[in-house]
Amino acid sequence: MTHCAGAAERFPQALIDALGRARKLAVLTGAGISAESGVPTFRDAQTGLWARYDPQDLATPEAFRRDPKLVWEWYAWRRTLVAAARPNPGHFALAQMQVSFPGFALITQNVDGLHARAGSRDVVELHGNIARIVCSAGCGVVEAFDPDAAPPRCPKCAAWLRPDVVWFGEPLPAAALESARRAAADCEIFFSIGTSALVYPAADLPRVAREAGALLVEINPDQTPLSALADFALRGPAGVVLPALLEATERAGKA
Ligand code: BJW
Ligand code: ZN
Numbered sequence: 607m608t609h610c611a612g613a614a615e616r617f618p619q620a621l622i623d624a625l626g627r628a629r630k631l632a633v634l635t636g637a638g639i640s641a642e643s644g645v646p647t648f649r650d651a652q653t654g655l656w657a658r659y660d661p662q663d664l665a666t667p668e669a670f671r672r673d674p675k676l677v678w679e680w681y682a683w684r685r686t687l688v689a690a691a692r693p694n695p696g697h698f699a700l701a702q703m704q705v706s707f708p709g710f711a712l713i714t715q716n717v718d719g720l721h722a723r724a725g726s727r728d729v730v731e732l733h734g735n736i737a738r739i740v741c742s743a744g745c746g747v748v749e750a751f752d753p754d755a756a757p758p759r760c761p762k763c764a765a766w767l768r769p770d771v772v773w774f775g776e777p778l779p780a781a782a783l784e785s786a787r788r789a790a791a792d793c794e795i796f797f798s799i800g801t802s803a804l805v806y807p808a809a810d811l812p813r814v815a816r817e818a819g820a821l822l823v824e825i826n827p828d829q830t831p832l833s834a835l836a837d838f839a840l841r842g843p844a845g846v847v848l849p850a851l852l853e854a855t856e857r858a859g860k861a
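Each number in our numbering corresponds to the 1-based position in the sequence shown with 606 added.
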């Protein structure tokens with residue numbers, strides 16, 4: 607069922623009832639939840655100096671091997687955007703939902719750390735975090751990002767240091783993926799928020815949840831490949847829909 611949600615609108619009663627009953631929620635977020643904080647989504651056209659680059663060509667190990675300086679500078683630019691950004695009402699609503707629901711798993715594909723800055727705890731980061739850098743040779747060195755070094759060498763083995771994020775063709779952190787799959791298989795309601803649902807294995811999680819019997823809710827202004835599978839597709843920006851949904855749920859007696 608598609609529903610165009612706005613702050614003043616009512617949500618489907620079946621959804622409010624389900625939220626009133628549910629104890630276990632799993633939420634998967636993507637770049638769209640941070641769009642209202644001013645962080646460009648991954649598939650948006652980039653701006654300024656980076657307008658002529660496609661992120662899909664930069665977020666790869668091959669790109670980094672070919673031109674570490676270029677990839678490093680792209681991440682330094684994005685790091686600046688993230689550092690200047692603030693969590694928005696969508697991030698804060700999810701932090702509040704963690705308090706309201708006894709079982710609440712927040713899984714994100716985002717590398718911006720905005721969920722934690724909004725107060726969410728135990729965020730499962732599937733694609734890493736842009737604030738950290740690691741040794742590209744895998745020797746285990748982890749450091750905080752230094753925007754002035756471009757790019758620095760590993761103090762232990764002299765390989766390039768790289769952002770601690772997951773590029774195309776690389777495995778996701780095993781513990782994070784395992785915990786995300788467990789939460790998806792074990793929840794009563796699964797939310798897919800602000801993601802194009804194109805990138806695997808994250809895009810499998812809603813299907814895992816659906817097959818295990820969970821209700822599937824999508825929050826996105828646009829259709830995605832997941833929309834046809836969703837029980838409820840709430841069409842609107844996450845920063846508007848989530849606080850309104852939280853309020854409607856609380857009004858109906860939850861929390
Ligand atoms: C709003 C909004 C608002 C706007 N409110 N919404 C199965 C089938 C086909 C291919 C594959 C497969 N399995 C694996 C693959 C290959 C590949 C893949 O999925 N390719 C596809 C593109 C086809 N996957 C991988 O390579 C993964 N690795 C892997 O599978 O390894 C296997 C392996 C095992 C063992 C050894 C070796 C290998 C890795 C994927 C890593 C993805 N990394 C990136 C970069 C992270 C670092 C960085 O940020 O730079 O992650 S790519 C990029 O896409 C980033 C994102 O997290 C990810 C998802 O994007 P997201 O979040 O959905 O953003 P957008 O921009 O796509 O969408 C935004 C959405 O928001 C839109 O829908 C808007 O409408 C909406 N929106 N405003 C709510 N206000
Ligand atoms: Zn090293």
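Heads up, the beta-carbon is just placed ideally off N, CA and C, and yes, glycines get one too.
- In the same chain as Ala-624, and ignoring 5 residues on each side of it, the C-beta atoms closer than 8 Å to its own belong to Glu-794, Ile-795 and Leu-821, in chain order.
- For Pro-769, the enclosing beta strand (DSSP E) begins and ends at 767-771.
- Contiguous alpha helix (DSSP H) elements confined to the region 672-711 occur at 674-690 and 695-706, taking only those with 4 or more residues.
- At a cut-off of 7 Å, the beta-carbon of Val-747 counts as near the ligand ZN: some heavy atom of the ligand is closer than that.
- No residue range can be given for Leu-655, since it is assigned to no alpha helix (DSSP H) and is classified by DSSP as neither H nor E.
- In this structure the region 681-690 does not lie against the region 836-855, because fewer than three pairs of beta carbons, one per stretch, are closer than 8 Å.
- For Lys-762, the CB falls within less than 7 Å of some heavy atom of the ligand ZN.
- Straight through space, the alpha carbons of Gly-819 and Ala-682 are spaced by roughly 42 Å.
- DSSP lists no beta-bridge partner residue for Gly-638.
- Going by C-alpha positions, Asn-826 is about 35 Å away from Val-748.
- Not one heavy atom of the ligand ZN is found less than 7 Å from the C-beta of Ala-750.
- When the Cα atoms are used, Asp-752 and Gly-842 turn out to be separated by approximately 36 Å.
- Within a 10 Å sphere around the beta-carbon of Ala-641 sit 16 or more other beta-carbons, which makes this residue buried.
- The beta carbon of Arg-816 sits closer than 8 Å to the beta carbons of Phe-796, Leu-822 and Leu-835 from its chain, once the five residues preceding and following it are set aside; these are given in chain order.
- Just measuring C-alpha positions, the residue of Pro-761, Arg-629, Leu-700 and Arg-672 sitting nearest Gly-744 is Pro-761.
- In this structure Arg-768 is buried. Its beta-carbon is surrounded by 16 or more other beta-carbon atoms within 10 angstroms.
- A distance criterion of 7 Å places the beta-carbon of Arg-649 in contact range of the ligand BJW, judged by its closest non-hydrogen atom.
- Inter-residue distance for Val-717 and Val-771 is about 7 Å (C-alpha atoms, whole angstroms).
- For Ser-798, the enclosing beta strand (DSSP E) begins and ends at 795-799.
- A distance criterion of 7 Å places the beta-carbon of Tyr-659 beyond contact range of the ligand BJW, judged by its closest non-hydrogen atom.
- Every unbroken stretch of the beta strand (DSSP E) spanning 3 or more residues and falling wholly within the region 810-836 is given here in chain order: 821-825.
- For Arg-727, the closest C-alpha among the options Ala-701, Asp-792, Leu-655 and Arg-658 is that of Ala-701.
- Gly-626 and Ala-858 do touch by the CB rule: their CB atoms are close to 5 Å apart, below 8 Å.
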